[in-house]
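Peer 1: Those protein sequence lines, which keep their order, are chains A and B.
Numbering-wise (the numbering used here), the first sequence opens with residue 520 and increments by one.
Numbering-wise (the numbering used here), the second sequence opens with residue 14 and increments by one.
Even glycine gets a Cβ: it sits at the ideal position worked out from N, Cα and C.
Got a structure for you, questions after.
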Amino acid sequence: MNRREFGLGAAALAATISTPVWAQSGGMSREKVLHDWYRLVLELVRHTATYTPPVASRAFAYLGIIAHEATAGDIPLAGASLYRQLPGYAFPPVTAMALDHAVVLHGAMAHAVNHFFGNTGPTGQRAIKAMDDRMMQALLQGTPMNPEGSRGWGKAVAQHVIDWSANDGGAVVENMGFPREFALAEGPGKWVPTNAVRQQQLPLLPGWGNNRTFAAPSNVACALAAPVEYSEDPASGFYAEANEVYETTKALTDDQKAIARFWSDDPMLSPTPPGHWISIAMQLLEAEQAPIQKRAAVMAGLGIAVADAFICCWHDKFQVNLLRPITYIRAHIDAKWTPLLNTPPFPEYPSGHSVQSGAAQVVMDRFFGADFGFTDETGTADGLKPRSFTSFKHAADEAGISRLYGGIHFRAAIDRGLEQGRCIGAFAANLKFEV
Amino acid sequence: MRSLILMAAVASPAMAETPSFTDETASAGIVHSYDGDWEYMVGGGVASFDCNDDRAPDLVMAGGTSPAALFVNQSARGGALAFAKTAAGIEDVAVTGFYPLDIDNDGIIDLVMLKVGANKVLKGLGNCQFKDASADWGFDGGDAWSTAFAATWEKGAVWPTLAIGNYVDRKEEAFPWGSCTDNWLHRGGDKGFAAPVALKPSFCALSMLFTDWNLSGTPALRVSNDREYYKGGTEQMWHVEAGAEPRLYSADEGWRPLKIWGMGIASSDVNGDGYPDYFLTSMADNKLQVLTAQEGEKKPQFDDVAFKRGVTAHRPFMGDDLNPSTAWHAQFADVNNDGFDDLFIAKGNVSAMPDFAMKDPNNLLLGAADGVFVEVADKAGVASVGQARGAIVDDFNLDGWPDLAVVNRNGPAEIWRNNGGTGHWLMLRLAQEGANRDAIGAWIELKLGERVIRREVTSGGGHVSGALGWRHLGLGAAEKAEVRVIWPDGAEGDWQELVADQFYDLPQKAAAVVWTP
């Protein structure tokens, strides 16, 4: 790639970007290229050991941006790029080469997936190669224009984003995200380990909240109210919150159990919470046979929203550093209480799933409408029955309250987390997309 | 008072003596490697058993894309380990592991050969020769990626029931996840095997073990599954009762889901409650499950005490590679003869997984009276950082001190001789007439001071590795001990006082007989 191409100004971009000859062969549509790569990405997120929810959200953001930028070039407007909308994202590469749309997107996604999942296991590596080979073979059957150049150009677009990602604070994840050294704060109400897993005696990714945000201006762009004041007094508001979790979980209905499990989204056993929303988006985009521009924009916007949500949420989690319900309830209410879900190994407030679901909702509202009803089949392969929702807000609210049913969050972390998420998601939803 | 003091002295174990091993890989005649790419990232087993009737354990090792190999034991008693590679009729390629078992009850040990492709049962002919008896015995080897095994004799059966665990559909390239092949139950009758029964659902088993977890007299089938590949899966346990279809233990019965990268099962009564406990290997933290304290009829509920007992073995204990570990074969054995089971764990990266330790030393965790295990693999000289898979702890040179063999992936197998120490020991060989001649499913009980040590005689578990032959018990400082056998049919043998540091044949209906190597 010619690095000088990065230095073109906006006017030059507008002139240059209109000159390439873009074409699309009949080998495979871009829509299918994107859908199939994302289908694999959801599996790789599940099967790559470092892909806890925050790490997954980061990959979804960059993959979405890459998909967007690899499809934006055929729109003869410089503004189609996310350039100038994301901090530090430099002017994207341009070219006058004759290119094939689908091969460019494939080249971009193949390079991006290899980069972001370069640490996956041998089965994942084998699957990436199989996907790459099969897709390229299918594309070549359509006799695309300049296939090698097109693939190379897609790679260049992806590499441009990858270069930008390198210094955001989240590029290196060691020990599956668990620090080897970390000083736990001591005192009433502070987070303490909640299980007997040796690796999880220190909290997950304590520095994640300092990562560079994407569309959100900063990690404190959406203020979070303080949690209910900690107290061990049975007459206190905090005790009442804990007791609500305790009493609710003791009398869960079958539907409440189903809700908790549906949104459990455990790392290594699911595509994680951000992947759950990506899965929802994929289902809806496929159902309406959405054009590539919408697909790419949704993936970019949604990825950015959930990534910002996890950065802001994680910042606040480690500022507040609140204990989990299991710690409080066993100490002050019932020593033998066990929640339905496994308690995640990091502080409680706010609820990460709630924050990122609130953020995702706002982006989905922007692309599909606020009263869009749908059925989500994300967990079907894992034996979870599909669930139907009247709106994205309905789904986000259910994702939030699922954490109370699961016994891993107090209500305040959910309600305020959803509020914070909706504030964060608005930054992504307000990005300029060409759809 | 004097007698009490004497009893305490006899009962107290020897000091937790750090064992010492000598790496005899270069001289022992074991030149072998478990080779292969993706289809051989799991597997790599070794079986230890006597194939030439000299009562010393011989070794057979899976080779993956290389031929399997049998090594005849030529070690002198207490001397350096010595083996000779011998053509035996087992030299298939695509073998993942072996388990020894006297399938046809003729007193000659046969082999179950697990493969990528059609499994085989190999009839032992004597003098370390084998022939494929799959067709003769009605054994349908299928066509899968077989990676786990366990055997039991169901009540009234003359032939054993074999459980075979299968891994992912190897033909699925782009989306292999969720494509776990069904496990199979080959039920034995009067002679030969019935058509295999699919154990649905199956979740990519890497270890299986028939074990009488609740002392009911009927072993259940524990299955450890690799969560990397299943969807909606969990660890499993099956009811396998004669004349009935196998059925899973359910949540209504108390079974609690556990989702790990299950790779190996080792069993022993670690906490001395009389019930078997289970060490489950995985990636990062490993699990040690003990039956929860319960009144009355037991529910299949287990507590993980790995952290409490110091056996999480979640990352290398030495070296500068501190990424999480990857554990495969595990086995309890009292390697220092102090009367407390120790735990060997074979470690090795799956294959170029940068988030996990590339230099991942094997573990040797010493058990002790306080129930907490202590790592000594480096001090003992067995902390190899090869890409270990299968392994076996067994007494190769018949000196009462368990030795160690490890199969590495894409690297040379290794073997260590236990240099011995001060503790005492017993070596026992159970024998029944008729079916199930090696008494699979029996319990050995040993009185050691105030403790009663219980050992379940099983076939299966580990990571595609198993032993059949002498059963070793460490005695600590005790120079004699009382032993009895509860036979698979439930009959309780008499308590017999046995003098330490001897080999004994224990026939079901006669007194123990000393055997001298």
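Against chain B, which members of the segment 711–739 of chain A pass a CB distance test of less than 7 Å?
Peer 2: Here the close residues are A715, V716, R717, Q718.
Peer 1: Sort out for me which residues DSSP pairs A:Q678 with in a bridge.
Peer 2: Paired residue(s): none; A:Q678 is not in a bridge.
Peer 1: One question on the structure: do B:D399 and B:E427 come within less than 9 Å of each other, judged by their Cβ atoms?
Peer 2: Residue identity differs from the one stated: residue 399 of chain B is Gly in this sequence, not Asp. For B:G399 and B:E427, yes; Cβs fall inside 9 Å.
Peer 1: Would you mind stating whether B:G56 and B:V477 have Cβ atoms separated by less than 9 Å?
Peer 2: Yes, the pair counts as a contact, with Cβ atoms nearer than the cut-off.
Peer 1: Going along the chain, which residues of its own chain have a beta-carbon closer than 6 Å to the beta-carbon of B:E104, five neighbours each way excluded?
Peer 2: Hits under 6 Å: P80, A81.
Peer 1: Output, in sequence order along the chain, the residues in the segment 796–818 of chain A whose CB is closer than 9 Å to any CB in chain B.
Peer 2: Residues: none.
Peer 1: In this structure, does DSSP put B:D351 in helix, strand or coil?
Peer 2: In this structure, B:D351 counts as coil in the three-state DSSP scheme.
Peer 1: Given B:Q509, which residues of its chain have a CB within under 6 Å of its CB, disregarding the five upstream and five downstream residues?
Peer 2: Around B:Q509: V496, A525.
Peer 1: Determine which residues of the segment 231–259 of chain B have a Cβ less than 7 Å from any Cβ of chain A, and write them out in chain order.
Peer 2: Within the segment 231–259 of chain B, the residues whose Cβ lies closer than 7 Å to some Cβ of chain A are R240, E241, K244, G245, listed in chain order.
Peer 1: From what residue to what residue does the beta strand (DSSP E) around B:G178 run?
Peer 2: Run containing B:G178: 174–179, per the beta strand (DSSP E) assignment.
Peer 1: Cβ of A:A568 less than 9 Å from any chain B Cβ?
Peer 2: Yes, A:A568 counts as interfacial toward chain B.
Peer 1: Between which two residues does the beta strand (DSSP E) holding B:K128 run?
Peer 2: Run containing B:K128: 123–130, per the beta strand (DSSP E) assignment.
Peer 1: Mind checking if B:F34 is an interface residue toward chain A, Cβ cutoff 9 Å exclusive?
Peer 2: Closer than 9 Å: no.
Peer 1: Under 8 Å by Cβ, that's how I've got B:R275 and B:S220 pegged, so tell me the actual separation to the nearest angstrom.
Peer 2: Per the sequence presented here, residue 275 of chain B reads as Gly, with Arg not at that position. Their Cβ separation, rounded to whole angstroms, is 7 Å, which keeps B:G275 and B:S220 in contact under 8 Å.
Peer 1: What are the start and end residues of the alpha helix (DSSP H) that includes B:K144?
Peer 2: First-last for B:K144: 142–145, but that is the beta strand (DSSP E), not the alpha helix (DSSP H).
Peer 1: I'd like the span of the beta strand (DSSP E) that includes B:Q515, first residue to last.
Peer 2: Here the beta strand (DSSP E) through B:Q515 covers 515–520.
Peer 1: Give a yes or no on contact between the segment 319–333 of chain B and the segment 383–394 of chain B, applying the rule of three or more CB pairs nearer than 8 Å.
Peer 2: These segments touch.
Peer 1: Check whether the Cβ atoms of B:E469 and B:T224 sit closer than 9 Å, and answer yes or no.
Peer 2: Taking 9 Å as the Cβ cut-off, B:E469 and B:T224 qualify as a contacting pair.
Peer 1: Note down the Cα distance separating A:E766 from A:V882, rounded to an integer number of angstroms.
Peer 2: Approximately 34 Å between the Cα atoms of the pair.
Peer 1: Can you find a CB in chain B that lies within less than 9 Å of the CB of A:R906?
Peer 2: Chain B, which has no Cβ nearer than 9 Å to the Cβ of A:R906, makes this no.
Peer 1: Would you list the one or two residues that DSSP bridges to B:D195?
Peer 2: According to DSSP, which records beta bridges pairwise, B:D195 is partnered with nothing at all.
Peer 1: Do B:D117 and B:A146 have their C-beta atoms closer together than 9 Å?
Peer 2: Cβ distance < 9 Å, so B:D117 and B:A146 count as in contact.
Peer 1: Along chain B, which residues have their Cβ under 8 Å away from the Cβ of A:G955?
Peer 2: This structure does not reach residue 955 of chain A, given that chain A is present from 520 up to 954, and the question cannot be answered.
Peer 1: So B:G191 contacts chain A; which residues on that side make the cut at Cβ distance below 7 Å?
Peer 2: Correct list: A900.
Peer 1: Below 7 Å between beta carbons is the criterion; list the residues of the segment 329–345 of chain B that meet it against any residue of chain A, in chain order.
Peer 2: Correct list: L335, N336, P337.
Peer 1: Could you tell me the boundaries of the alpha helix (DSSP H) in which A:H625 lies?
Peer 2: Counting along the chain, the alpha helix (DSSP H) containing A:H625 begins and ends at 620–635.
Peer 1: Three Cβ pairs or more, each shorter than 8 Å: is that satisfied between the segment 827–838 of chain A and the segment 659–673 of chain A?
Peer 2: Because the criterion of three Cβ pairs below 8 Å is not met, the segment 827–838 of chain A and the segment 659–673 of chain A do not touch.
Peer 1: Does B:K542 have its Cβ less than 9 Å from a Cβ in chain A?
Peer 2: In the structure as shown, chain B begins at 14 and stops at 530. Residue 542 of chain B is therefore absent and cannot be evaluated.
Peer 1: Using a C-beta cutoff of 9 Å, does B:H437 count as contacting chain A?
Peer 2: It does not: the Cβ of B:H437 has no partner Cβ on chain A nearer than 9 Å.
Peer 1: Report the rounded CA-to-CA distance for A:G640 versus B:V363, giving the unit in angstroms.
Peer 2: Looking at the two C-alpha atoms, the distance is approximately 8 Å.
Peer 1: Just checking my contact of B:D334 with B:M371 at CB under 8 Å: how many whole Å lie between their CB atoms?
Peer 2: Contact holds; Cβ gap of about 6 Å.
Peer 1: Between the beta-carbon of B:D368 and the beta-carbon of A:A568, is there less than 9 Å?
Peer 2: Yes.
Peer 1: May I ask which residues mark the beginning and end of the beta strand (DSSP E) holding B:H252?
Peer 2: Taken as a continuous stretch (DSSP letters only), the beta strand (DSSP E) holding B:H252 covers 249–252.
Peer 1: In or out: B:L19 buried (at least 16 other Cβ within 10 Å) or exposed?
Peer 2: Low local confidence applies: a pLDDT of 36 at B:L19 is under 50, so the model's placement there is unreliable, with the coordinate-based value given in what follows. Exposed, since its Cβ has fewer than 16 Cβ neighbours within 10 Å.
Peer 1: Within the 9 Å Cβ cut-off, does A:L788 reach chain B?
Peer 2: So, interface residue.
Peer 1: Is A:N633 close to chain B? Criterion is C-beta to C-beta, closer than 9 Å.
Peer 2: No, A:N633 lies away from the interface with chain B (no Cβ there is under 9 Å from its Cβ).
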